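Notes for the one structure printed next.
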Amino acid sequence: MFQAVSYEGTRSEQHTAVLGQLSALIRDEPSAIANLANAAALLNVFMTDTNWVGFYLYDGKELVLGPFQGLPACIRIPLGRGVCGTSAAEKRTLVVDDVHAFPGHIACDAASNSEIVVPIIKNGELYGVLDIDSPIKNRFDDEDRVFLEKAVSLLTEQLEATIPL
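Just so we're aligned: 155 in full-length UniProt numbering is position 155 of the sequence shown, and the numbers increase by one with no gaps anywhere.
This is the structure we're talking about:
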């Protein structure tokens, strides 16, 4: 059973605690959807000053909305379009301090001002992206990037052993 805790210590110590929780949540669970849903919920509880945490999954043509926490969102995103589509196409993490200055930004939630997107690569192929939005400009920094890339790495290890979607 999962219980919410107050995260104490340095940011690094907090990140370590959350990664431990994520590992425990997804360990031995064969359902990718269940694991992504729990990951979105955990990150939503942990990360302050965010308004959307979730996943878009690649269906072979475009990104399709997956498990998330937040307001209803855009359902389909073409590769190369917006922050999510660009991160997916380039297979690299994007930290955007001001989404309104990002060429082709897709506004799913008008309250979003900054965003971080981490691609998920499973067995060398694009699987999807982790997308986190914030109503605060410049919300995400390099420490967030490293933490979220580690979280995606844990998910990827488990996804490689899960049943297909």
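C-beta: ideal position from N, C-alpha, C; glycine also.
Just so we're clear, the structure is a prediction, and the values are computed from it rather than from any experiment.
Does the distance from the C-beta atom of residue i to that of residue j stay below 8 Å?
i	j	result
Leu155	Ile120	yes
Leu126	Leu148	no
Leu63	Leu42	no
Pro78	Asn113	no
Ala151	Leu19	yes
Is it right to say residue i is buried, meaning 16 or more other beta carbons lie within 10 angstroms of its own, or is it exposed?
i	result
Ala88	buried
Gly85	buried
Arg11	exposed
Arg27	exposed
Rounded to a whole number of angstroms, what is the C-alpha to C-alpha distance between residue i and residue j?
i	j	result
Asp94	Glu29	Inspection of the sequence shows that residue 94 is occupied by Leu rather than by Asp. One C-alpha to the other measures close to 29 Å.
Gly124	Ala32	17 Å
Met47	Lys137	15 Å
Ile75	Asp59	12 Å
Gln159	Ser6	Correcting the residue type first, residue 159 is Leu in the shown sequence and not Gln. Roughly 28 Å separates the two Cα atoms.
Lys91	Lys61	15 Å
Who are the near neighbours of residue i in its chain, counting only those whose CB is closer than 7 Å to its CB and skipping five residues on each side?
i	result
Val83	Leu94, Val96, Val99, Phe102, His105, Glu115 and Val117
residue 187	Lying before the first or after the last residue shown, residue 187 is absent from the chain, which here runs from 1 to 165.
Ser23	Leu154
Gln21	Leu42
Sorted by chain position, which residues of the same chain lie with C-beta nearer than 6 Å to residue i's C-beta, five sequence neighbours on each side aside?
i	result
Ile132	Thr50, Val53 and Ile116
Arg81	Gly104
Taking 8 Å as the limit between beta carbons, can you name the residues of its chain near residue i, skipping five residues before and five after?
i	result
Arg145	Thr93, Val95, Ile116 and Val118
Ala73	Trp52, Gly54, Leu65, Cys108 and Asp109
Lys122	Thr156, Leu159 and Glu160
Q: Answer yes if the segment 63-83 comes into contact with the segment 31-43, meaning at least three C-beta pairs across the two stretches below 8 Å, and no otherwise.
A: yes
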